[in-house]
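Quick note on numbering: numbering that gives the first Met the number 0 labels position 45 of the sequence shown as 44, and the sequence is numbered without any gaps. Beta carbons are placed, not taken as given, at the ideal position from N, Cα and C, and that holds for glycine.
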Amino acid sequence: MSFTVDDKRHEVRDVISRWAEPEKDFFKVIADDGRKYTLSWNRKSDLWLIGNIPEKQCEQ
């Protein structure tokens with residue numbers, strides 16, 4: 000799985016949590032740049048969004 004931010008492709012390295020709301024699924028992931036991102040998928044519109052774009056790298 001991958002996603003794009005500012006024309007740069009990021010590979011998902013790990014899904015660290017996931018949860019659901021009535022119309023959306025959320026995924027907190029660690030990408031190949033070491034940062035955590037929150038991704039959401041709207042099941043009704045089949046639209047993926049990035050909920051936040053982090054500034055710091057994750058501690059590993």
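In the DSSP assignment, D13 falls within the unbroken beta strand (DSSP E) covering 7-19.
If you draw a straight line from the Cα of K7 to the Cα of T37, it is about 17 Å long.
Taken atom to atom, the span from the alpha-carbon of S1 to that of K43 is near 21 Å. Looking at the backbone, the Cα of S16 and that of D5 are separated by about 24 Å. Beta-bridge annotation (DSSP): K35 is paired with I29.
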